[in-house]
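Just remember that the working numbering sits 5 ahead of the position in the sequence shown, which is counted from 1.
Heads up, the beta-carbon is just placed ideally off N, CA and C, and yes, glycines get one too.
Here's the structure we're looking at; comments come further down.
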Amino acid sequence: MFDEKAVDALDILLHQFWVLRSREPKAYQLIREREKVLRRYIEDKFGLHLLVHPHVIKLEKIPVEPKAWMGLAGFQEKRDYVLFCSAMAFLEEKAVEEQFLLSELTEEIRQMEEDVDWTVYTHRKSLIRALKALTDLELIRLVDGHLQPFDMDQEQEVLYETTVYGSYFLRAFPAPLSSFSGVDAVQQAEQDMQRDHERRRRVYRKLFFTPAVQREGADDADFLYIRTHRSWLMEDIESHSPFRLRVFKNTALLTVDHPKPSQTVFPDTKAVSDVLLQLASVLHEERGTLEVFETGEVLLTHGEFEALLEKTRRRFGSGWAKYLRESSVQAVKKECLEAMKAWEMAVESHDQAMIYVQPAAGILAGTYPDDYEDGEADS
6 MFDEKAVDAL DILLHQFWVL RSREPKAYQL IREREKVLRR YIEDKFGLHL
56 LVHPHVIKLE KIPVEPKAWM GLAGFQEKRD YVLFCSAMAF LEEKAVEEQF
106 LLSELTEEIR QMEEDVDWTV YTHRKSLIRA LKALTDLELI RLVDGHLQPF
156 DMDQEQEVLY ETTVYGSYFL RAFPAPLSSF SGVDAVQQAE QDMQRDHERR
206 RRVYRKLFFT PAVQREGADD ADFLYIRTHR SWLMEDIESH SPFRLRVFKN
256 TALLTVDHPK PSQTVFPDTK AVSDVLLQLA SVLHEERGTL EVFETGEVLL
306 THGEFEALLE KTRRRFGSGW AKYLRESSVQ AVKKECLEAM KAWEMAVESH
356 DQAMIYVQPA AGILAGTYPD DYEDGEADS
């Protein structure tokens, strides 16, 4: 029976990379108690695997299409991921709770990656970010020393220890990675394994793993599936999760009435969220003067985007956070555009000359009351 405890357990699995028994024994036990119903639902609706081990529980959340914002938090460039994976390869040769020095790791990585040069400051910073991620995920444990000074001194020594979780981190692939020609080949292999019920599973993954599902054209089969089966999807999602399905002409997304701290929602408490809500209201007003595609996308040059932000600032800027009030329009544009891309509200063209504002950007809009006082506005 998919009861309230099962709903809570599924919510935990969807919002956490994994559940460690030593860190969250209650959450671990809750999922174990509802393991059968969870496994059936997850495999049927998402086509995903729920992995339950004595030390860890993990839902392998494989998206329909990888997105830039799905990377590890704090990573800034490709080298961060290269060093993270190199460190994982190093850890595979270690036993559980085996200790090792930072110098051992850096020497091993130097031999694996010819382009790495520890005398280069940016390379050392990349390794710091990679090791911080490994520590945060509890794949390694700091025993003695401090890592941060490594950014200025490549001779800095730190003692680490492996944990039991390393063997559970990497997901299983349909075939050895060396047999794939690229990311597209991996995705195709995943799809070939899930021919049965593929459409429904694609739709569930899109709805639960991305901010919004955008209609990509008149023949978008995934969006047509959502519209055709809207009533059934609404009932199923609401009975198995805290979310509600909202379907608009060009966008479908999940909302939640009472967000939990573990859930990432829009709008959040960041000052830029207020600006995006106000920008949406201005976009609604200017829609008749802009180029709007059949799918609801609005095409803007960077100059047009700045002009819309200037209009938004003139009307609402006195209520913005101080740092935004004092920022140039270019700085505000950069922060807004980064946030919009993270929430899939905007996409830049390949040459970054044009901005495609997505329909999701217009779902929520906000303004200040007519009688608001400077610095005390709510949107």
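- Under the DSSP assignment, Q104 falls in the beta strand (DSSP E) whose first and last residues are 104-106.
- Remark: fewer than three beta-carbon pairs, one from each stretch, lie closer than 8 Å, so the region 149-161 and the region 36-51 are not flagged as touching.
- S278 sits buried, since 16 or more C-beta atoms from the chains shown fall within 10 Å of its C-beta.
- In the three-state DSSP reduction, K275 falls in the coil class, being neither helix nor strand.
- Listed as beta-bridge partners of I114 by DSSP are no residues whatsoever.
- In this structure, A370 lies near A285, with their beta-carbon atoms less than 8 Å apart.
- Boundaries of the beta strand (DSSP E) around D149: 145-149.
- Assigned with DSSP and collapsed to three states, I62 falls in strand.
- Each residue's CA atom was taken as its position, placing L152 and F89 some 15 Å apart.
- Per DSSP, T140 is one residue of the alpha helix (DSSP H) stretching across 126-141.
- One thing to note: K338 has its Cβ no nearer than 8 Å to the Cβ of E296.
- Taking the C-beta atoms as reference points, I36 is found no nearer than 8 Å to I67.
- Per the coordinates, the alpha-carbon of R84 lies some 15 Å from the alpha-carbon of L139.
- The three-state reading of DSSP puts V261 in strand, counting E and B together.
- Across the set N255, G308, H58, the C-alpha of N255 shows the shortest separation from the C-alpha of I368.
- Under the 10 Å beta carbon count, F298 is surrounded by fewer than 16 other beta carbons and is classified as exposed.
- Distance between A223 and G308, taken at the CA atoms: about 30 Å.
- For Y86, the secondary structure class from DSSP, reduced to helix, strand or coil, is helix.
- As for any beta strand (DSSP E) of minimum length 3 sitting wholly inside the region 262-348, the runs are 303-306, ordered along the chain.
- Comparing C-alpha distances from R292 to each of A366, V280, Q192, A226 shows the shortest one belongs to A366.
- C-alpha of S186 to C-alpha of Q192: approximately 11 Å in a straight line.
- About 6 Å separates the CB atoms of E65 and L53; that is less than 8 Å, so the two are in contact.
- Take the alpha-carbon of T124 and the one of L164: they are about 21 Å apart.
- The alpha carbon of Y46 has as its nearest neighbour, out of L258, Q81, I242, R220, the alpha carbon of I242.
- Following the DSSP letters along the chain, one finds I36 inside the alpha helix (DSSP H) bounded by residues 30-38.
- A direct Cα-Cα distance of roughly 33 Å separates T260 from L144.
- Following the DSSP letters along the chain, one finds Y173 in no beta strand (DSSP E) but inside the alpha helix (DSSP H) bounded by residues 171-174.
- In this model, P154 and R129 are separated by some 10 Å (Cα to Cα).
- For the region 185-253, the full-length alpha helix (DSSP H) segments reaching 4 residues or more read 188-197, 203-214, 226-233, 235-245 along the chain.
- Shortest Cα-Cα distance from M350 to any of H234, F271, T372 involves F271.
- CA-to-CA, the gap between F248 and W74 works out to about 22 Å.
- Going by DSSP, V69 is part of no alpha helix (DSSP H) at all; its letter is neither H nor E.
- Spatial neighbours of P264 in its own chain (CB-CB distance under 7 Å, excluding positions within 5 residues in sequence) are listed in chain order as V270.
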